[in-house]
Structure formats: structure tokens, C-alpha cells
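Protein chains in written order, with our numbering: chain A, 1 to 310; chain B, 1001 to 1633. Written below as C-alpha cells is the structure these notes are about.
So, in C-alpha cells, the structure goes:
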């Protein structure tokens, strides 16, 4: 018998279950793209049969970090840049959980960049949503890792000398096995991409364009957007690494030239880290967290490990 | 100094197999009924460099490396890179002989591999004259040729052991047994041949001029040879810890490696990750999801854990961290012991953050206190840290096997089941009150993700009972006070419900006290024993509870003496500072004996520090130590 009966529970799920009954007043500004992520998640989760108690949402710091204050799941609002190591360990500890990590572009591509690279490399079976607004919002508009060259802010008064990070290309090179870009202005596509990402076995990275109307662009500047799967102008195979790479490169360039390209960019079927680790005998096949509630389990003792010391 | 003890030092280069050879020899001595204690000295490099292991063996209890040593097996450094005498780091080939002579006791024995250390080079050390002066007995022997003749050059270790056994009049049976256990047949045979031949040559051809022989002893029960790292590993396993995350760094790596070997065998998970920030954050994440978890590092790596440590404290996520100190600052001396990270470990991380810190003094204490750390961490939902160093981590000593015959304690502490959650307090939207204002002892039980009815938000921000971010002053004060209360409750429980983790020794009614903490305990205990034998009225205490501080016990101890000397391996007298901070007085009673040259104290040095202190002498200690008198002296 499981000690975690929310996991895999089959029942009708009301969409409103993901909205807190006593909803805290969001700290997001009117017109903020973050509402788009929240809405897409609230729609996606019940559609793939998830209940609030089987989902753990780990966030970083910034406006995006408040996501789990307004999304009714188990939540862990961690520290700046560290949502991924917390999230992936929770998944290792109890791989029945649906684990979603989320944070901003500074959080994920800046201070947490090392974790992003390694979590992708290891292909942990979690979903990572990066709220990309091309700016540090909460701290009042400073230049971020995704801000374009020339971006002026209080910390770059003469304009940003750095070229922006290429989030999709970085995810691909690092080893992510599901890579997509969507935008707050495109809620239907966002919902579908989130569903696919959660159901994907492996590390799914979504670069989510979330306009920051206060410090950067407003929603209108992300319109019109183009879905690369639906447009006749683009033709590439998302299972082909080279083609995906080229398409990502073009997409990243286009954003700074005023064309918003979105969609799925890469899908790979390589086994997730959890699968690999189980295969090697480096991880138990049953969720580890269950063992602590199993009264019949005979815990191993150091007394039985002393042979080589005698 | 014991009359009948062996302190055997085997010296060579890193990569010469010094470690495995000494491990087996120590076990053979243990099996023959002796108490053993090992000490390891090594450089931060893969091959070459001067390294040695000391094994002290005697019929009675040995608690430290002892003073100096009396038997040198100088293998020579087969990976020496600078055979020239004028090289920056000196003639490395000769180092295993040259570097060790100063600490060799009078009447000591020297065996060196004349196959590697040229007899002329040895002569350049004035060996003959010094031997005469100190009554050393020198036995050069071409171990390399012997090893080559029967097997491979690296087997000259075995030849050295054979020579040692012969010179000490030691029976080969335990050594043979251990070789049979450890070696595959292909290399066992040549090794046995080498062992026997070396033994035979020495017995038949050498004229013994030395008096040193193998001590005698007997154990009442079966023993196991273990290091502090083994003990921490076993304490973790018996606490039900099944998750470790880490990044390699000396000397913390030894526990990380041991856990990584054991965990997959017992259905646990070990994660080597990108950096120490991630390592600590993973341990927090795993614990949050319901697994007993640990992480750790050494000074520089532990610095990166400051923020996840604070997160664990604020979100009340149980976690055990290790701080395996090495000589700092910065990269410092990676392979050398020091106790200079105490203040850093007690206070790192922003805000009024709280943690529990234990500093075990022996291998047994390392086991017990690791278990206590897990118990406290999970019961009180607070980070617990074991602070130790390369000395405790690498020293091996014998422990009765029965010591480990105990029940495991895999409980998750203050964690609710789904049935209990049904009865718990929830808000209108079904969020569980994870961080209740009203509690008995500051602890508000937690739920785990995936449990029905346990949903809440964990956050590093200040928060309401259900976890919502909140900056309301009343809520702030209530939550801060509740979290702080836990440390007081832990102190109360440690005082009232458990045996003290402090170790007292020496004459109970003595008026002079020697105080130490962590791994320096054994050596202080031995020094106090020696002082008592010499008729000095001295007692001592090895303190393990760093935080919460054992206020009551330390006050009692300090009230009972006129003066006290605090012995620690750092230059800024950190533990003395802690005593004064916590107790707010006693500055006039406390002298410090400090050592920070990279080598641990020897008992004679503490005896000397004591003598200089009571004489009020201005004389500098002979060893590289610093004696800092009490305030007002």
C-alpha cells in the first residue's frame, strides 16, 4: 500500500482545483506575461489527469518564483537559481511525483546556468519552464542574460555590450530531450506544449516568452507570433539534431529582429536519467520515499557491513 | 610514552601503495591482539611527493598517534620527479628517508630500500653519525630487486613488511591471511614468495642490534579497524540515510566515496553533481520529498552551501551536512588537518539562521553523533552539521565489532502520515498548516509531496502557517520565535534525555583543566593521562556540542578549576572565543594552546604547553605551537 495516495489517483478533476480557494493577490503587474504561464498550467494539468497533490512545483526567485503561490500544488519556492537541483532530487526521492521547475531568465540562464546545463545533460525526468522576459523584472529592469545587445538599463547605462544567451541552443547542446518555445500571448499553444513537456520522459525545457510591460516589452510586441510547425515558411524535423539546431539559431536571431517564432524544436527519445540509473542498479525501482512508511522493510545495518574491516 | 609500543612509519611517494600496505599491516597487528591507531600524512598530488602512514600499536588502549615513532620503513619515492638535490622541493627520491629522521626516537630502527635510495645518497644525510648519536639501528636492504625477482617492482611494499616482521620477531600468519583475503591469486603467489624470502633473509643473515620487538596484547572480543569516515558512513546508514549528493573535495571525499559504494547495494542513491550549491540543494530536495538525506564538503565547498543551508533552516527541511575541515584560508593545505572552520560553520548563511553542530572526538563518537545529528535533524526539522577534519577522517583505530550491533533508526521524525493529515489543520482552500504558530516545542509536523491532503508551500521567504509569503510583523515574530525555540528544546533534550556528548577524563577533583574539541580529543586525553601519572592535578574535557552550546556542563567544568587551557588546531582560538561568547566570562581563566602548521598535536606537545603555562614561563614552545595566555596574565 502506498503512503502517497495522491500519486496516480484516478478521479474527475475540476479545473478550479488548481486555483487556491483563498487566492493571494498576485504581485504581478497588470498585463504581465506570468499570468499566461499560470493559466496554461491550470489548464494543462487537469487535462493530463494530474491532481494538485501529486504535483510539486519548484520555483526560483523573482516574479516567476511566485508561480506556486498562485498555483494550487505542493510548492517549493527555493532560492535564486536553485530550483533545478531541488526539483531533480525530489523526483529521485519519489519518482511518482510530477515535478515542474520554474524560474526567470536570470534565474535559469544566469545564476542557475550551471544547474540548467547539468540537469539537461543528465536528462532528469522533470519539466522546466523559464519565464523569459529578457530583463530582471522584480529588481526593476536591469539587463538580464537574455537582454539584447545594446539594451539600456540602470546597470548598463551605455547599452549592453553582451550578446544574449541562446536558450534553445544551450538546452540542445547540454542534452535536453524536449525543447520548445512558447509565449504568453499564445495560450493554446502554451497549454499543449506544457502537456507534452510533462508527459515527456526526460528533461523538457520550455523557453516561455513572458512580456514585462513595466520594464520591457508589452504583449503587443510579441504579436504576431509564428508557430513554426504551422507555418509553411519553416520545414524541419524536430527529431533531427542538425535541423533543430539551425531552426533554433534562426529563431533566437529572429526574436531580436522583431519576429516571434515559437513551437517545438527538438524531441529525443533517449532514456531519462532515472531510467539509466535504475538500469545500472544505482537507484531502487520502487520510489525511495515509500520505504520509510513500509513497516515490513528490513533496514540494512552497518553491523552486516563490517566484514572488510575485521 | 609507553615502554612497550610500536610506532611504525612507512614512507614513500603517493602511488607507492603506502596506504593499502599500511592498512593491511594495521589489521594484522589488530588481529594479533593489539590496539592500533593510524595517522596519515600525504600531499595533494596523484603520484610522488612525500607521504607516510604511521601505525601505533600497543597492548593497551591507544588514543592518538603518540610522540614521534620508533620504526621507519623508507621505501623511497618511485615516482620522484626531481632527483637533483638542488631542485625546488629537494631530492624527492631521498625524501622518504631524509624527511623522517627528525621525529625518529632514540633506539629506533631504520629500514630503507637500497634498491631505490642510493647508499651514497643516504650517506649524504650523515646517517652513520646521526645513527650513532641517537642509537638508531640501520638496515639497508634492496627491496626493489627482491620484488622484481619474484613479481613486480610495486611489490617491494610486501618485501618491506616481511623485513619489518622479521626484525620485530612477528609471526607472519595474520599478514598471510590478510594477503589471501585481499589479493587475487595471480598476484598473491609472488607476493607470498616475496614476503617469505624477505623474512628469511633478515632472520638468517642480519645481525640484530636493536631491542624493539612486537608488543603483546589480547582482545576480549572481535575488533574492526575503522576510520572516522567509516564511522560517519555507518552512522548515516543506521539512521536510514539513503541519499547523498556531493562534489569531490579533500578530505570530505572519503565519506562521499564510502557512501557511494554502500548506497546502491542497499537501495539508496548517491549523486555526484555539478557543484556544492547543487549538492546541498539536492539533499534539501530529497529530504523535502521524504528521504533521509545528507551532503557535505570541506571548507571551500562548504562555503557554497551557505545558501541552501539557510533555505533548509527557513523551510524547516531536515538535512545533515558534513564539514570536513582542512587547513585554510582559501585552498590552503588540502591534505592537512586544521580546526579553523568552526566559526564559519556555526555562523555561515545570512540572517539569524540556526543549526545544530556536533564535533565528534573519536571514531565511536563519530558514529554516535552522526546518528544523533540525523535524529535531531528529522525530529526538529533543522539542519544538523557534523564538523570534523582530515585527522578524524583518516585515522584508523580498532573498535569492538559489538559496538555496531544496534537497531537502525530510519524514522522520518516529525512527519505525518496521510491518516494523520486528515485530522490536521487546513485552510479554506485545503492547504495544510505546515508551519503552525502554536506548537509544544517549536516543531510543526510536516507532510510530504504526493500525500493526500498535505499540500502547502515551502518558501525561503517569511511565511504564514500554510506557507504563503508574508511580511506581517506579528506573524514574523511568532515564526522567528518558534524556529528559535527549537534550538533551546534541543539543548534541553540533550541535557535531560541523553548521555552527554562531552567526554571527561583525568582526575575529577583537579584544579587545572584542559579543554579541547573535535578530533584533538584523543591526544589531549593521552596528555592528561601522562600528566596524572607524573603527579599533576589535571583533568580534561573533549567537547562535541558546538551548537547548541552545552552551557551548563561547561560552566560546571570551568567553575571546578582555577585555570584551563584550550587546545585546538587553529590560530585564532575559535573555540575559546565560543566559550567566552556563550558563557560571557572566564576570559581570565582561559589560556590557549594553538597549532596550525598542518600537523596534529602530539601528546608531549600538550604536556609541554601545560608545563610552560603553569610555570608562567616566557619560553617559546619547542614545537610549532603558540601559547596565548589568559586575559590579564
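C-beta atoms are modelled at their ideal positions from N, C-alpha and C, and glycine is treated no differently.
The CB of residue 78 of chain A comes closer than 9 angstroms to the CB of 1281, 1284, 1285, 1308, 1311, 1315, 1458, 1459 and 1460 in chain B, given here in chain order. For residue 62 of chain A, no chain B residue has a C-beta closer than 7 angstroms to its own C-beta; the minimum C-beta separation is roughly 12 angstroms. In this structure, the straight-line span from the alpha carbon of residue 1485 of chain B to that of residue 276 of chain A is close to 44 angstroms. The beta carbon of residue 1515 of chain B sits closer than 6 angstroms to those of 1541, 1564 and 1566, all from its chain and outside the five residues before and after it, given in chain order. Nearest in C-alpha terms to residue 1270 of chain B, of all of B/1278, B/1256, B/1443 and B/1276, is B/1256. From the beta-carbon of residue 118 of chain A, the residues of chain B found nearer than 8 angstroms are 1273, 1274 and 1278. Proximity of chain A to residue 1266 of chain B at the Cβ level (cut-off 7 angstroms) is accounted for by 300, in chain order. Closest in C-alpha terms to residue 1342 of chain B, from the list B/1503, B/1411, B/1388 and B/1074, comes B/1388. Counting the other CB atoms within 10 Å of its CB gives residue 152 of chain A a total below 16, which places it among the exposed residues. Of the candidates B/1595, B/1330 and B/1056, B/1056 places its Cα closest to the Cα of residue 1214 of chain B. At a beta-carbon threshold of 8 angstroms, none of the residues of chain A lie near residue 1153 of chain B; the nearest stands roughly 27 angstroms away. In the pairwise beta carbon analysis, the stretch 1139-1157 of chain B is classified as touching the stretch 1111-1127 of chain B: at least three pairs are separated by under 8 angstroms. When rounded, the separation of the alpha-carbon atoms in residue 62 of chain A and residue 1277 of chain B is 19 angstroms. In this structure, residue 1268 of chain B lies away from residue 89 of chain A, with their beta-carbon atoms at least 8 angstroms apart. The beta carbon of residue 1024 of chain B sits no closer than 8 angstroms to any beta carbon of chain A.
Using a CB distance cut-off of 8 angstroms, residue 1033 of chain B does not count as an interface residue toward chain A. In this model, residue 1028 of chain B and residue 7 of chain A are separated by some 54 angstroms (Cα to Cα). Listed along the chain, the chain A residues whose CB falls inside 9 angstroms of the CB of residue 1401 of chain B are 303, 306, 309 and 310.
Between residue 1599 of chain B and the set B/1576, B/1536 and B/1520, the nearest pair of CA atoms involves B/1520.
By alpha-carbon distance to residue 1584 of chain B, the top candidate from B/1560, B/1549 and B/1617 is B/1549. The residues 1009, 1011 and 1041, in chain order, have a CB closer than 6 angstroms to that of residue 1052 of chain B in the same chain once the five nearest residues on each side in sequence are set aside. At least one CB of chain A lies nearer than 8 angstroms to the CB of residue 1451 of chain B. If you compare the alpha carbons of A/163, A/60, A/146 and A/136 with that of residue 154 of chain A, the shortest gap goes to A/136.
For residue 1383 of chain B, the enclosing beta strand (DSSP E) starts and ends at 1383-1389. DSSP places residue 1262 of chain B in the uninterrupted alpha helix (DSSP H) bounded by 1253-1262. Per the C-alpha coordinates, the member of B/1016, B/1064 and B/1228 positioned closest to residue 1037 of chain B is B/1064.
Residue 287 of chain A counts as buried, since at least 16 other C-beta atoms from the protein chains shown sit within 10 angstroms of its C-beta. Pairing residue 1050 of chain B with residue 1560 of chain B, the inter-Cα distance amounts to about 45 angstroms.
In terms of CA proximity to residue 1004 of chain B, B/1034 leads the group B/1034, B/1477 and B/1014. Here residue 132 of chain A carries a strand assignment [DSSP, helix/strand/coil]. Assigned with DSSP and collapsed to three states, residue 1431 of chain B falls in coil, not helix or strand. Under DSSP, the beta-bridge partners assigned to residue 1243 of chain B are B/1269 and B/1293. Note on the stretch 34-115 of chain A: whole beta strand (DSSP E) runs with a minimum of 3 residues are 55-59, 74-77 and 98-104, in chain order. Within the stretch 259-289 of chain A, contact with chain B at the beta-carbon level (separation under 7 angstroms) is assigned to 281, 282, 283, 284, 288 and 289.
Taking C-alpha positions only, residue 86 of chain A is separated from residue 1353 of chain B by approximately 20 angstroms.
Under the Cβ distance rule, residue 34 of chain A does not count among the residues neighbouring chain B, no pair being separated by less than 8 angstroms.
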